[in-house]
Amino acid sequence: MQALAQLQGVSVPRLYERAVWAGDVQTASRVAEIHLELAGVRRLLGNAASNINQIARVANSTGEIQETEFRAAVAMVGRQVERINVLLAQLPGGEVS
């Protein structure tokens, strides 16, 4: 248990708490993995938001939209939203509607 708790960066009591809420240690471990993946998705969405803001600034100052960059940023947001849906579906009781 100590090794698993260390791997997840939590104390053994916190690992047990997660296991109680999740139903078992394996599910708690998977929930922790999903949490880390969602943190990565959040970071990528923040990057996309920054890119879209930069594109908007250029569009506001020049009157022209950088179409290639805009389409790439929007596509990346779409991919991350899909990734969120996949991860949510993997959570216990994670029906995505």
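Numbering (UniProt numbering), first residue to last: 1 to 97. Yeah, the Cβ is synthetic: ideal placement off N, Cα and C, and Gly gets one too.
- Take Glu69, set aside five residues on each side of it, and the residues of its chain with a beta-carbon closer than 8 angstroms to its own are Asn51 and Ile55, in chain order.
- Gln90 sits close to Ile34, with the two beta carbons spaced by under 7 angstroms.
- Separation of Met76 and Ala48 (C-alpha to C-alpha, rounded to the nearest whole angstrom) is 7 angstroms.
- Judged by beta-carbon spacing, Leu87 lies beyond the 7 angstroms limit of Glu17, meaning their Cβ atoms are not closer than that value.
- Take Ala59, set aside five residues on each side of it, and the residues of its chain with a beta-carbon closer than 6 angstroms to its own are Ile65, in chain order.
- Ranked by Cα distance from Val41, the options Pro92, Gly78 and Gln26 are led by Gly78.
- Contact between Val12 and Ala5 holds: their C-beta atoms lie close to 5 angstroms from each other, under 8 angstroms.
- Distance between Asn85 and Gln8, taken at the CA atoms: about 23 angstroms.
- Going by DSSP, Leu91 is part of no alpha helix (DSSP H) at all; its letter is neither H nor E.
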